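Residue numbers (the working numbering), protein chains in the order written: chain A, 1 to 155; chain B, 1001 to 1123.
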């Protein structure tokens, strides 16, 4: 091993191809999600989670700060503070990062077991279709209440 | 490069790589678990009705919650280790120590949450 050339090239000699960018994106989107979780944690403690939520309720809120994870399942009386546009934006950001991170992860796993070029193409096509439809559905769920309120106010 | 490699599923499953491999495979199971079951949960919320209630009934059962919670928490804690060690490559020398720290963080949080989940389920 000692005398052989190092198997990895230094950063400035490596090209930036799509795989490299996605490798970086997976790490950076993970950091972004940790940041959103931290914001959700600070916000939840500020809004009274210490007295009104169990540990698993709090974890659920950190995983996805959507008001549906507060009403019905916790003892929080007034959920208005948990359903603001700010929290819907945080939830949307979390959701977009998670979906893109997750779909790339699924493709990476599939690539380990599907070795034919056409099989990989099919997997990529299906992943993109799934990602777009799940993003639309998820964002609809996060915003539907707020949208209904907005449309009700306009009438 | 990746295109020419040809390792079948069973060869891959038979690989024994101890600690780092265990985290690698649990990271995959966790990621896959979240991808499948969170997708199901989102679709259930979207559909509501009978199908939605049936799916969410499974999803909200405490046994299933313990499984999904394992997937998510392990993926989160292990992901933090991967991210930190990849962004500061000099630390990779301490990978095995990092994995021990990771278990020391994961196990108490997971155990505590499982206790809470079971208590909540028991009323």
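For glycine and all other residues, C-beta sits at the position ideal for the given N, C-alpha and C. Just so you know, these numbers come straight off a predicted model, no measurement behind them.
Contacts with chain B (Cβ-Cβ distance below 7 Å) from the region 120–138 of chain A involve 134, 137 and 138, listed in chain order.
Residue 76 of chain A sits away from residue 85 of chain A, with the two beta carbons spaced by 8 Å or more. Among the residues of chain A, those whose CB is under 9 Å from the CB of residue 1046 of chain B are 137, 138, 140 and 141, following chain order. By the Cβ criterion, the region 1105–1123 of chain B is in contact with the region 1054–1071 of chain B, since at least three pairs of Cβ atoms, one from each stretch, lie closer than 8 Å. When only Cα atoms are considered, residue 104 of chain A and residue 30 of chain A end up about 12 Å apart.
Note that the C-beta distance between residue 62 of chain A and residue 1035 of chain B is not below 8 Å. Under the Cβ criterion (8 Å, minimum of three pairs), the region 1047–1054 of chain B does not count as touching the region 36–45 of chain A. The beta-carbon distance between residue 120 of chain A and residue 112 of chain A, rounded to whole angstroms, is 11 Å. This is too long to meet the 8 Å contact definition.
Assignment of residue 67 of chain A by DSSP, reduced to helix, strand and coil, places it in the helix class.
Under the DSSP assignment, residue 1020 of chain B falls in the alpha helix (DSSP H) whose first and last residues are 1018–1047. Residue 1112 of chain B belongs to the set of residues whose beta carbon lies under 8 Å from a beta carbon in chain A.
Residue 92 of chain A sits close to residue 142 of chain A, with the two beta carbons spaced by under 8 Å. Proximity of chain B to residue 109 of chain A at the Cβ level (cut-off 8 Å) is accounted for by 1028, 1031 and 1032, in chain order.
Residue 1018 of chain B and residue 1099 of chain B have their alpha carbons spaced roughly 11 Å apart. In terms of beta-carbon proximity, residue 20 of chain A stays away from the interface with chain B, with every pair separated by 8 Å or more. Residue 99 of chain A sits in a helix when the DSSP states are folded into three classes. Around residue 67 of chain A, the same chain offers 79, 82 and 83 as residues with beta carbons nearer than 6 Å, after the five sequence neighbours per side are excluded. Counting only Cβ-Cβ distances below 8 Å, residue 1120 of chain B has contacts in chain A at 54 and 56, in chain order.
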